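Numbering (our numbering), first residue to last: 623 to 877. These notes are about the structure you will find just below.
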Amino acid sequence: MKIIAHRTDNTAYEKRVNGCVKFAERNGIDFYYTEGEGGMRKFYCRLLGTRDILKDVGGNSYVTPEQMATCIATISDQKLKDFCTAEGELARIETACENGTWTSNADIYFCELMGKRELAERARQNRAAIYEQRDREKYEEEQRRLAEQRAYEAAEREKRARWAEQAEQSLRVGHYISPSDFELLAEKYGIKLPVKFVGWLREHCGSIRITPHREQLPQGVSWVNKYETYYRYDGKSKSKSIYAYADALADAVGL
């Protein structure tokens, strides 16, 4: 007795089933199927051939009963020999259980249909073990991913810390710092910069220097800004607010 194992999804259910059923009815062949994961169904018919063999001879899963009969008639003896009988299908499932390779719900159902309860239970346990292994591997992979992410974030924090330290040292000795240095130091000391100002820094500002005032003013006269702030900019894109943020940063740094 030959077996055809036919797998399909919900979308093509009617077309594929009807073709198999009609052919089975005309030839007095038993037809049955089982549900699988993700809406998959696996069909078993006592026929000559399989979907893979039909592909080899130019057929597909949407063949009519007549086309299926023609395809089956053209299958080589070697193909039929290579394909499984009911006993061959059971042997394949048993080998899968021994090797720990995949066994489907359809395989379990087929064993039960053939009266092989013990093999069906082995296939069920094998399937459970594979899922358990997959879950374990998935968990381990997630842990590796998280560890790599933590390591990357730690390296980035260390890199930014060194960057901030260099920028602060430059600021202390009166050197110009870049707009990105200014942003980084403001972040380090908790100075909130408005989005508009940050946009100006990134688009129009070239470099910034902040130093204490060195000139002595007459008594009763004070500077508008606590520190001297120099900045390079492009075109006419000046900023009035940079002085206040520069004063706040200089105070935080302790110039």
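C-beta atoms are modelled at their ideal positions from N, C-alpha and C, and glycine is treated no differently. Please read these numbers as outputs of a predicted model, since none were measured by experiment.
Residue from the options with nearest C-alpha to residue i
| i | options | result |
| --- | --- | --- |
| G909 | I752, Y761, L741 and S859 | Absent from the model: residue 909. The displayed extent of the chain is 623 to 877, so no value can be given. |
| Y731 | R784, I715 and G722 | I715 |
| R756 | R779, A742, W724 and R739 | W724 |
| K818 | S800, L807 and S863 | S863 |
| S800 | C827, G737 and T717 | C827 |
| A750 | G722, E709, H797 and K848 | G722 |
| L793 | R782, L807 and E780 | L807 |
| T752 | S861, S726 and I813 | The sequence shown places Ile at residue 752, not Thr. The option with the nearest alpha carbon to I752 is S726. |
| N847 | E837, Y865 and K781 | Y865 |
| A879 | M736, L741 and G737 | Given a span of 623 to 877 for the chain in the structure shown, any question on residue 879 remains unanswerable. |
| W845 | A713, E809, D869 and Q771 | D869 |
| Y811 | E825, L823, E790 and Y798 | E790 |
Residues that DSSP places opposite residue i in a beta bridge
| i | result |
| --- | --- |
| E878 | Here the chain comprises residues numbered 623 to 877, so residue 878 is not present and cannot be evaluated. |
| N715 | A small fix is needed here, since residue 715 is Ile in this sequence, not Asn. BP columns for I715 are empty, so no partner. |
| Y867 | DSSP, once it has assigned bridges, lists no residue as partnering Y867. |
| C827 | Y855 |
Burial state of residue i, where buried means 16 or more other Cβ atoms lie within 10 Å
| i | result |
| --- | --- |
| A728 | buried |
| E711 | buried |
| D873 | exposed |
| R744 | buried |
| L839 | exposed |
| D856 | exposed |
| L768 | exposed |
| E754 | exposed |
| Y867 | buried |
| R802 | According to the sequence provided, residue 802 is Ser. The question's Arg does not apply to it. Exposed. |
| F780 | The amino acid occupying residue 780 in the given sequence is Glu; Phe does not appear at that position. Classification for E780: exposed. |
| L871 | buried |
| E636 | With a pLDDT of 46 at E636, under the threshold of 50, the predicted position of this residue should be treated as unreliable, though the coordinate-derived value follows. E636 is exposed by the Cβ-count criterion. |
| L676 | No answer about L676 holds up, because its pLDDT of 46 lies below 50 and its placement is not dependable. |
| G876 | exposed |
| K664 | Caution applies to K664, whose pLDDT of 44 falls short of 50 and renders its modelled position unreliable; the value that the coordinates give is listed next. Buried, by the Cβ-count rule. |
The ligand COA heavy atom lying under 7 Å from the CB of residue i
| i | result |
| --- | --- |
| K781 | In the structure shown, the ligand COA is absent, as is every other ligand, since no ligand is present at all. |
Okay, do the region 829-840 and the region 849-859 touch, 3+ Cβ pairs below 8 Å being the bar? yes
Report yes or no: do three or more beta-carbon pairs, one from the region 754-770 and one from the region 783-803, lie closer than 8 Å? no
Which runs of the alpha helix (DSSP H), 4 residues or longer, sit entirely within the region 738-799? 739-794
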